[in-house]
Amino acid sequence: MKFKDISIILLAFLVAMIASMKVFLVFDYKRDFVYLSEIQKSIDLLKNENSKLRIEYILLSNSLSIDQPAKEGISNEKD
């Protein structure tokens with residue numbers, strides 16, 4: 018009976034170790050996934066900000082190129 022009791026205790030200990038390892042791996046995976054998700058959100062925000070800045074730059078450069086001939090025309094009229 019002692020051998021049977023010891024084997025059951027060892028088997029229960031082994032199952033508990035495997036279960037705790039599984040829980041650790043699942044939470045570690047979830048923590049990494051959340052971290053990578055936050056990084057991806059930051060990257061998306063940067064991409065959107067860069068897109069917004071590019072659009073603003075294009076609009077400014079286009080408005081400046083439209084204003085340049087008008088300003089040159091005004092300066093020619095003054096001369």
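For what it's worth, our numbering labels the leading residue of the sequence shown as 18, then goes sequentially.
Just so it is clear, CB atoms sit at the ideal spot from N, CA and C, and this is done for glycine as well.
Q) For K34, which three-state DSSP category applies? A) On the sequence shown, residue 34 is found 17 positions in, with the first residue counted as 1. Correcting the residue identity first, residue 34 is Met in this sequence and not Lys. Helix at M34.
Q. To the nearest angstrom, how far is it from the Cα of L53 to the Cα of L42?
A. Taking the first residue of the sequence shown as 1, we reach residue 53 at position 36. Taking the first residue of the sequence shown as 1, we reach residue 42 at position 25. Going by the C-alpha atoms only, they are around 16 Å apart.
Q. What separation, rounded to the nearest whole angstrom, lies between the Cα atoms of I26 and A33?
A. Taking the first residue of the sequence shown as 1, we reach residue 26 at position 9. Taking the first residue of the sequence shown as 1, we reach residue 33 at position 16. Here the C-alpha atom of I26 lies approximately 10 Å from the C-alpha atom of A33.
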